[in-house]
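J.:
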Amino acid sequence: MTPNLLRQAAMLLNDMLNFDKPADAKMSEFFRNNRDLGNKERAFIAESVYGVIRRFRFLSTLTANDENDPDDARKLILAWLLRVQGRSLRDLDDMLTEQQKEWAIAIKAKSTEYFPIAVQADVRDWLWEKLVSQYGEEQALTICRSMFDQATLDLRVNTIKGTPEEVLAKMIAENINNENIIAAMPYSPIGIRMPNRVGISKHVLFTEGKIEVQDEGSQILSYLVAPKRGQMVADLCAGAGGKTLALGALMRNTGRLYAFDVSEKRLNNLGKRLKRSGLSNLNAQVINNENDLKLKRLNAKFDRVLVDAPCSGLGTLRRNPDLKWRQTEQDVIELNQKQTNILARAAKLVKAGGRVVYATCSLLKEENEVIAEAFLSAHPEFVLIPANEVLAQQQINLDTGKYLNLLPHLHGTDGFFAAVFEKKLAEDKPTVKPLKKAA
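Have a look at this one:
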C-alpha cells in the first residue's frame, strides 16, 4: 500500500458517496479509466471502497468531528483499515502524511460504546425501524451484520450440458480457487458454492455454458415455479435472464419459454448467455410496460408465470451495499404500486390450473407478505400453495413455511421472498397434490 494508492481509492470512494449511480458501475468506469493499475492495486481499491460502503454509517460517525463535518474519503478509508480490518498504526505509518497520522490516532482512540444501535447496524433510521418492527431488535441486528460480509460465489450447473456431479468433480480436481472448499450447495440440487469470489468468466466450464453465476436463493425460485416439459412458461421481469435460463433447463429445452422485460439492454445481455446455454425454446421480447399489447395476446395461455418483481433489493446488500444508502422509504412506497400492478397483470396470463410465483430480493414485508396477501384478497380465483410443500415434492429440504423466506445468516443466500399462487380449476381444486404423511 502506498500514499498514491490511498489517494486513488479515496478518489473513487468520493465519487461513490454521491450515491447517484450503482457502485459497481462507478467502479467499472474507474478501472476502465485507470488501466495501468495492477491486480493487487485493483484488489486493494475495490476491497477498501466496498468495505467503507458496507460500514458507511458506522465509519462516518466514527470520523465525524461534529454533525456538520463532511465525510472525508481518506478518513473513511483509514477508519475502515484501523477499526474494521484491525490494521495497526505501525502498519500504516510509512504511507501517511502528518495530518493523516493525526487522524489515524484520533480514529483509533475514539470509543464506539455509545453509538446508536442503528449506527451499529449500519443502516438508515427508517430501514432500521422497519426491520425491528418486523423481526425484533436482536434478529434485525443479526440480519444487518450478516450483510457486512461479502457474498460467496454461487454457481448453477446447466443440466442441459452437464451434471452437478461431473462439474463439481472437475472443479475440485482443478482446485479452481486454490482451496479445497468447493462444495455442493445445501439446498439447490444444481448448485456449487465457492466461498471466495474468483474470476470464473474465462474458465472453460463457463465459456462452454456448463455453469452460470447465480445465487442459491435465485436457483430455488426456479424450483418453486416447477415448470414441466412441454409447458408454456413466462418470466415476466426477466432482466439479464438468469432465472429464465434456469427455467429452460428444468423444462429440458422443451415447450415454449418467454422472457419479457422493459429494458432492451438487459435482454441483450440475456442473448449472450442464451448462446452459451444451449437452449432453443426461448423467446425474448421487450415490452413497454405490464399493459403492453404483446402480453394481452397471451392472456390465459401460460402454465407458469414467474414475477421476479422490481424491488428495493435490500436482500442483496452483501453484493450491493450501496443500495442501503440509495434507497429511500418513498422509493419502497412507489415500488409497492409497481409490484401490485405487475402481479395483477401476471394473473391474467396464467390459465386455469396454472401457477404464478411472485418473488423479490427484499427483506421488507411491505414488498413481500403485504403484496401477496393483498393479491389473494383481490383475486379469489387464486389460492396460495405453501412453498414448503412445493419444495418437498421436489426433494428439496428447505422449510420456511407457506412463503419462501431466505436470510443470509440462516441460509447463506441473499435475502429472498416468494409466494406461489395457483389459479383454481372449474372444480375449485388446486393441482398440487398434498404430501403423503409418513406412516
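So for the sequence shown, my numbering puts the first residue at 28; every next one is plus one.
Here a beta-carbon is modelled for each residue, glycine too, at the ideal position from N, C-alpha and C.
Tell me which residue opens and which closes the beta strand (DSSP E) that residue 239 is part of.
T.: Segment 238-240, the beta strand (DSSP E) holding residue 239.
J.: Identify which residue in 140, 56, 276 has its Cα closest to the Cα of residue 88.
T.: It is 140.
J.: Could you give the residue range of the beta strand (DSSP E) that holds residue 381?
T.: Note, residue 381: beta strand (DSSP E), 377-387.
J.: For chain B, check one thing: does any of its Cβ atoms lie closer than 8 Å to the Cβ of residue 89?
T.: Of the protein chains in this structure there is only one, and it is not chain B.
J.: Going by DSSP, what residue range makes up the alpha helix (DSSP H) through residue 322?
T.: Taken as a continuous stretch (DSSP letters only), the alpha helix (DSSP H) holding residue 322 covers 320-323.
J.: Quick one: what does DSSP say residue 66 is sitting in, helix, strand or coil?
T.: In this structure, residue 66 counts as helix in the three-state DSSP scheme.
J.: Checking 8 Å against the spacing of the C-beta atoms, do residue 413 and residue 429 come in under that value?
T.: Taking 8 Å as the Cβ cut-off, residue 413 and residue 429 qualify as a contacting pair.
J.: Considering Cα atoms alone, identify which of 99, 185, 289, 209 is closest to residue 241.
T.: The shortest C-alpha separation from residue 241 is found at 185.
J.: Is the beta carbon of residue 191 less than 8 Å from the beta carbon of residue 217?
T.: For residue 191 and residue 217, yes; Cβs fall inside 8 Å.
J.: Excluding five sequence neighbours on each side, which residues of the same chain lie with their C-beta closer than 6 Å to the C-beta of residue 365?
T.: Contacts found: 337.
J.: Taking DSSP as the reference, what is the three-state secondary structure of residue 229?
T.: In the structure shown, residue 229 sits in coil (DSSP, three-state: anything other than H, G, I, E or B).
J.: Check whether the Cβ atoms of residue 386 and residue 448 lie closer than 8 Å to each other.
T.: Taking 8 Å as the Cβ cut-off, residue 386 and residue 448 do not qualify as a contacting pair.
J.: Have a look at 171, 303, 80 and flag the residue whose alpha-carbon is nearest the alpha-carbon of residue 187.
T.: Checked all of 171, 303, 80; the closest Cα to residue 187 is 303.
J.: Should residue 116 and residue 132 be called a contact, given that it needs their Cβ atoms to be closer than 8 Å?
T.: Against a cut-off of 8 Å, the Cβ pair of residue 132 and residue 116 comes out as a contact.
J.: On a Cα-Cα basis, can you pick out the residue from 124, 228, 246, 234 that is closest to residue 219?
T.: With distances taken between Cα atoms, residue 219 lies closest to 246.
J.: Are the segment 273-291 and the segment 391-402 in contact at 8 Å, needing three or more beta carbon pairs?
T.: The answer is no - the segment 391-402 does not touch the segment 273-291, with fewer than three Cβ pairs under 8 Å.
J.: Kindly provide the ranges of any alpha helix (DSSP H) runs that are 4 or more residues long and lie completely inside the segment 88-145, ordered along the chain.
T.: With a minimum length of 4 residues, the continuous alpha helix (DSSP H) runs that stay inside the segment 88-145 are 100-106, 116-119, 125-136.
J.: Taking the alpha-carbon of residue 72 as reference, which of 222, 84, 50 has the nearest alpha-carbon?
T.: The shortest C-alpha separation from residue 72 is found at 50.
J.: Please state whether DSSP places residue 369 in a helix, a strand or coil.
T.: Here residue 369 sits in helix by DSSP.
J.: Do residue 383 and residue 417 have their CB atoms nearer than 8 Å?
T.: Their beta carbons are not under 8 Å apart, which means residue 383 does not touch residue 417 by this criterion.
J.: Where residue 95 and residue 85 are concerned, what is the direct C-alpha to C-alpha distance, given to the nearest angstrom?
T.: Only weak support is given to the placement of residue 95: the predicted model assigns it a pLDDT of 49, under 50, and the value that follows is read from those uncertain coordinates. Taking the straight line joining both Cα atoms gives about 16 Å.
J.: Can you give me the start and stop residues for the alpha helix (DSSP H) that residue 259 sits inside?
T.: From DSSP, residue 259 is part of no alpha helix (DSSP H) but of the beta strand (DSSP E) over 259-262.
J.: Just how far apart, CA to CA, sit residue 45 and residue 238?
T.: Looking at the two C-alpha atoms, the distance is approximately 36 Å.
J.: Please determine whether the Cβ atom of residue 214 lies at a distance below 7 Å from any heavy atom of the ligand PLP.
T.: Among the components of this structure there are no ligands whatsoever, and the ligand PLP is therefore not found.
J.: Does the Cβ of residue 122 have 16 or more other Cβ atoms within 10 Å, making it buried, or fewer, making it exposed?
T.: Its Cβ having fewer than 16 others within 10 Å, residue 122 is exposed.
J.: Candidates 440, 91, 340, 314: which alpha carbon is nearest residue 471's?
T.: Residue 471 is absent from the structure shown; the chain starts at 28 and stops at 466.
J.: Indicate whether the contact test is met: 3 or more Cβ pairs, each with one atom in the segment 266-275 and one in the segment 336-354, closer than 8 Å.
T.: Taking 8 Å as the limit for Cβ pairs, the verdict is that the segment 336-354 does not touch the segment 266-275.
J.: Should residue 211 and residue 232 be called a contact, given that it needs their Cβ atoms to be closer than 8 Å?
T.: The answer is no: Cβ separation not under 8 Å.
J.: Using the Cβ count rule (16 or more neighbours within 10 Å means buried), how would you classify residue 75?
T.: Under this definition residue 75 is a buried residue.
J.: Measuring straight from C-alpha to C-alpha, what distance separates residue 136 and residue 33?
T.: Their backbone Cα atoms lie some 21 Å apart in a straight line.
J.: Where residue 367 and residue 402 are concerned, what is the direct C-alpha to C-alpha distance, given to the nearest angstrom?
T.: Straight-line Cα distance between these residues: approximately 7 Å.
J.: Would you tell me roughly how many angstroms separate the C-alpha atoms of residue 215 and residue 178, rounded to the nearest one?
T.: Distance between the alpha carbons of residue 215 and residue 178: 17 Å.
J.: Determine whether the beta carbon atoms of residue 329 and residue 270 lie at a separation below 8 Å.
T.: It is not a contact, given that the beta carbons lie outside the stated cut-off.
J.: Straight-line CA distance for residue 31 to residue 127?
T.: Those two C-alpha atoms are separated by around 13 Å.
J.: Grouping DSSP H, G and I as helix and E and B as strand, with all else coil, what is residue 465?
T.: Because the pLDDT of residue 465 is 49, which lies under 50, any placement of that residue in the model is unreliable, and the question is left without a value.
J.: DSSP puts residue 422 in a beta bridge; with which residues?
T.: The partner list for residue 422 (beta bridge, DSSP) is empty, contrary to what the question assumes.
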